[in-house]
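Here the structure comes first, spelled out in structure tokens, and everything after it is commentary.
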Amino acid sequence: MRIAEAGSNASGRVPRLASGRDPRDLVLSPAEGYLLSRVDGRTPWRVLREIGGLDPCDVDRCLERWHAEGWLEFDEARSRAAPQRARSAGVPADTGSSSPPRAPCAIDPALEIPVEAQERILAFEARLDRPYHEILGVPRDADARSVKRAYFELSKDFHPDRYFRREIGPFAERLERVFQRIAEAYELLSDPTARAEIERALDESPRATSSRPESARAAAAPRRRFHGLHPRELRVLAQRKARAKTFFETGMAAFQAGRSIEAAASVRLAIAFDPSNSAYRESFASVQRKASEERARQLVREAERALELRDMAGALRLYEEALLHQPHDPSANHEAARLALALGEDLRRAKEYAARACELVPENAAHRRTLGQIYKSAGLVANARRELEAALKLDPMDAVARSELRTLA
1 MRIAEAGSNA
11 SGRVPRLASG
21 RDPRDLVLSP
31 AEGYLLSRVD
41 GRTPWRVLRE
51 IGGLDPCDVD
61 RCLERWHAEG
71 WLEFDEARSR
81 AAPQRARSAG
91 VPADTGSSSP
101 PRAPCAIDPA
111 LEIPVEAQER
121 ILAFEARLDR
131 PYHEILGVPR
141 DADARSVKRA
151 YFELSKDFHP
161 DRYFRREIGP
171 FAERLERVFQ
181 RIAEAYELLS
191 DPTARAEIER
201 ALDESPRATS
211 SRPESARAAA
221 APRRRFHGLH
231 PRELRVLAQR
241 KARAKTFFET
251 GMAAFQAGRS
261 IEAAASVRLA
271 IAFDPSNSAY
281 RESFASVQRK
291 ASEERARQLV
301 REAERALELR
311 DMAGALRLYE
321 EALLHQPHDP
331 SANHEAARLA
341 LALGEDLRRA
351 KEYAARACEL
361 VPENAAHRRT
371 LGQIYKSAGL
381 VANARRELEA
391 ALKLDPMDAV
401 ARSELRTLA
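Numbering-wise (my numbering), the sequence shown opens with residue 1 and increments by one.
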């Protein structure tokens, strides 16, 4: 296929990695590496030209070269691409007719956010009323580790900081709404007491209403249960609402006093005991945002103390925990990369952290040097040389980068 034809003939083709090929063997620039990371077997060529981080013609050249060298294969785009994108966003495809079709005008290619990302945000936003485990894309009985991993993966795509200082128009508000719901799902499913209350509410929901959105069921539940309830059941319901109110008031008092983590824990319980109260949910968003910032700072301080004690494994675990709360913190990503490299247990994970730090602050010499060291340890000499040379260009006095460069084979 010629490059000139890519804009039209290639628009319906979907690149995917060829089976049996390891892309880590490729010698790539950071921009090429980013483009290859977007090749997932779902994203069409035409979308990659917009989100690939390169000029469209350069995207075409890369895709053609990788295909000619056997790294990529192509599929034809299918009409059910939207449900596939919904699944890739961590939400189930909506096969029913209860939700109205999305207006095409919601997509705006002029914004500084890829069309594919806009589509994923809209798909996720349309399903925010689903039960928490469905929002995270995990089974209802998922363990804490699975819940945490699902949240971490979703936060990389939907955290508002990913598009910091970009003009994304109405998607700024949409992204906030989506991420708030993801964070709410993670926090409540990670709290054993809150999760037990959520499970109890799900168990009490009649099967006939199980397909209705969670918020609609929650809003209808009090009306449904007030009819035909025994006085004892009415007392239990009133007690639950009273407990929720107490939790909420306690939480907001803590929030006003600057104790955000304590406040978030209380408001979580308020939501669990009275999920139909929209005021609790609305307040939780701002409370949890502050709590995440505070918790991330605490974890970074703990990681620094662990390093003082030469506990590198403990420090890495703490930095990774901090990244759950602030996934786009360049410093925390860089420190996690350095520690993962030093421990030598998972170079792929180290590379992921270092690459993200470079993407967030590309002009930081230390970030580029660390990425180069990781490539060197992985035996990817050309990639290592490129990153170490970039580090020296940014900081000619970087003695470590210069020494690493001299010892390259």
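Every residue gets a Cβ at the ideal spot worked out from N, C-alpha and C, and that includes glycine.
- Taking the C-beta atoms as reference points, residue 334 is found nearer than 8 Å to residue 366.
- Cβ neighbours of residue 146 within its own chain (closer than 6 Å, five residues either side excluded): 138.
- Contact between residue 48 and residue 38 is confirmed by a C-beta separation of about 6 Å, below the 8 Å threshold.
- Look at the beta carbons and you see the segment 257-276 not touching the segment 164-171: under three pairs across the two are nearer than 8 Å.
- Between the alpha carbons of residue 70 and residue 134 lies a gap of roughly 37 Å.
- If you ignore the 5 residues before and after residue 321, its C-beta comes within less than 6 Å of the C-beta of 299, all in its own chain and listed in chain order.
- Judged by DSSP secondary structure, residue 17 falls within the beta strand (DSSP E) whose first and last residues are 13-17.
- Of the residues 120, 175, 165 and 185, the one whose Cα lies closest to the Cα of residue 136 is 185.
- With contacts defined as CB atoms closer than 8 Å, residue 290 and residue 260 qualify as a contacting pair.
- Taken through DSSP and simplified to helix, strand or coil, residue 73 comes out as strand.
- If you check the CB distance, residue 257 and residue 288 do not come in under 8 Å.
- In this structure, 312 is the residue among 358, 312 and 59 with its C-alpha nearest to the C-alpha of residue 343.
- Residue burial annotation: residue 44 is buried, with at least 16 other C-beta atoms found within 10 angstroms of its C-beta.
- Taking residue 252 as reference, the option from 181, 242 and 266 with the minimal CA-CA separation is 266.
- Three or more beta-carbon pairs drawn from the segment 147-167 and the segment 111-120 are found closer than 8 Å, and the two stretches are therefore classed as touching.
- From the listed residues 281, 390, 382 and 328, the smallest Cα separation to residue 128 is found for 281.
- The DSSP-derived three-state label of residue 164 is coil.
- Secondary structure at residue 178: helix, using DSSP grouped into helix, strand and coil.
- When DSSP states are grouped into helix, strand and coil, residue 111 belongs to the coil group.
- For residue 311, the secondary structure class from DSSP, reduced to helix, strand or coil, is coil.
- Collapsing the DSSP output to three states places residue 333 in a helix.
- Looking from the CA of residue 41, the closest CA among 16, 181, 388 and 378 belongs to 16.
- DSSP places residue 300 within a helical segment (H, G or I) once states are collapsed to three.
- Classified as buried, residue 376 has 16 or more neighbouring CB atoms from the shown chains inside 10 Å of its CB.
- Taking all protein chains shown into account, residue 20 has fewer than 16 neighbouring C-beta atoms within 10 Å of its C-beta and is therefore exposed.
- Going by DSSP, residue 361 is part of no alpha helix (DSSP H) at all; its letter is neither H nor E.
- Each residue's CA atom was taken as its position, placing residue 399 and residue 359 some 23 Å apart.
- Collapsing the DSSP output to three states places residue 397 in coil.
- For residue 47, the secondary structure class from DSSP, reduced to helix, strand or coil, is helix.
- Between residue 150 and the set 122, 190, 197 and 125, the nearest pair of CA atoms involves 190.
- Pairing residue 305 with residue 317, the inter-Cα distance amounts to about 13 Å.
- If you look at residue 139, you'll find it isn't in any alpha helix (DSSP H); DSSP assigns it neither H nor E.
- The Cβ neighbour count for residue 143, taken over all protein chains shown within 10 Å, is under 16; the residue is labelled exposed.
- Cβ-Cβ distances below 8 Å link residue 197 to 269, 272 and 273 in the same chain, with the five nearest sequence neighbours on each side left out; the list follows chain order.
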